[in-house]
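Colleague:
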Amino acid sequence: MKRFLLVFAASFAALCAQIPDLQVPDTGAKPVAAQPAKQAATAQAAPAKAPTAQAQAPKPAAAPAAKVAAAPAQSPQEGMPEATQKADLSLEQVLAKARAYAGKENALKAVKALEYEGRVADQTGAVIAQFKYIYQKPYFFRRQEVRANGGFAMLCKDDFEAWVYSGSANGETRRAPMAFGTQDFERNLAIDRLNFFQGASAIDRAEVSLAGVAQWAGRKAYRLDYVYPVGLGKMTMTRYIDAETGRSLAVVSDGGKTQAVDSGALESGGIKFPKETSIYRDGKLQMSLMYEKIVVNGEYPPQTFTSLSF
């Protein structure tokens, strides 16, 4: 199976073991399908059988073919730069700087839900999928993708249920409970996204540390190392925060092999979001996520996070 990256975030890496035709990359996180973490999100056992009310859910329409300007073929920065000097700010000050760039503190604290819509383009700029991601505090999510070849994938989770629904280009579909390791992985991404650089404070056994000052693509940047629990193991990712502006420049994982590089800006609800996230693997462009619409604090009925229909 060809593997690409859909991340922050994100993020569908852990699904590769569950969805045979989903094109997603390895983010470096290694979910552990062992005992779930103590955090409430994984304390619930996954149900044994998919909701029967959704058994006849229609197949979504394929994403229309299109072409967009391709991101640079080579990553602007090799690997995962180490910190070369001590930071002139404390961890708390760096986090505050990153949040201040994103928006005013009262706007960030008021966020209860986020919805993203956009397109996914390959290395050539050809649009290969459309996506919609919905996140709601504390960690609920609904992530769906419809590919140009007719395939699709959906993940949804609330307090009690967590499901994967997928379909391949040849019409085969699958519904299954989400594995505990995948639940933890996706929960971490949801919490991280909803809490704007402070996700580690919202999860048991999670932590963030300030490694110091590094160089990212010629810019002075603060390196933040995040560690989130996945089962009895962990997932790690490193952020580079522009020392001058506070803008998040990139998220790096897998020892520097996978990079999610943000560019542009899209504002919604008084908060700045990246307009595009380019995903590089071993320095080469794999795909780009182009955000076209972001809704802050939309209202979603409970079935949003359990329904397996488009």
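No gaps in the numbering here: position 190 of the sequence shown is 239 in our numbering, and each next residue is one more.
Glycine included, each C-beta is placed from N, C-alpha and C at the ideal position.
This one's a predicted model, so the numbers in the text were calculated from it and none came from an experiment.
1. How about residue 167: is its Cβ closer than 7 Å to a heavy atom in the ligand MN?
2. The alpha helix (DSSP H) with residue 230 in it runs from where to where?
3. Please report the residue range of the beta strand (DSSP E) in which residue 342 lies.
4. For the putative contact between residue 292 and residue 276, defined by C-beta atoms under 8 Å, what is the C-beta separation to the nearest angstrom?
5. Below 6 Å CB to CB, which residues in the same chain sit around residue 274 once its five sequence neighbours on both sides are set aside?
6. Look at residue 327 and residue 344 and say whether their C-beta atoms are less than 8 Å apart.
7. Quick check on residue 3: does DSSP put it in helix, strand or coil?
8. How many Å lie between residue 197 and residue 171 at the Cα?
9. Quick one: give me the first and last residue of the alpha helix (DSSP H) that residue 154 is part of.
10. Assuming the contact rule is C-beta atoms closer than 8 Å, residue 191 and residue 354 should be a hit. Round their C-beta distance to whole Å, please.
11. Going along the chain, which unbroken runs of the beta strand (DSSP E) with 3 or more residues stay wholly within the stretch 280-311?
12. Go ahead and pull the three-state DSSP assignment for residue 255.
13. For the beta strand (DSSP E) that contains residue 313, what are its first and last residues?
14. Could you give the uninterrupted runs of the beta strand (DSSP E) lying entirely in the stretch 152-225, keeping only those of 3 residues or more?
15. Using the rule of at least 16 other Cβ atoms within 10 Å of the residue's Cβ for burial, across every protein chain shown, is residue 237 buried or exposed?
16. Between 299, 279, 314 and 265, which lies nearest to residue 246 when the distance is taken from Cα to Cα?
17. Could you give the DSSP three-state label for residue 248: helix, strand or coil?
Modeller: In this structure, then:
1. Because no ligand of any kind appears in the structure shown, any question about the ligand MN cannot be addressed here.
2. 229-243
3. 333-345
4. At roughly 22 Å, the Cβ-Cβ gap does not stay under 8 Å, so residue 292 and residue 276 are not in contact.
5. 258, 260 and 287
6. Contact annotation: residue 327 and residue 344 have beta-carbon atoms that are not nearer than 8 Å.
7. This structure leaves residue 3 out entirely; the chain is present only between 50 and 359.
8. Going from the Cα of residue 197 to the Cα of residue 171 covers about 12 Å.
9. 154-158
10. About 5 Å separates the Cβ atoms of residue 191 and residue 354, confirming a contact at the 8 Å cut-off.
11. 282-291 and 297-302
12. coil
13. Careful: residue 313 lies outside any beta strand (DSSP E) and carries neither H nor E.
14. 162-170, 176-185, 189-196, 201-206 and 211-216
15. buried
16. 299
17. helix
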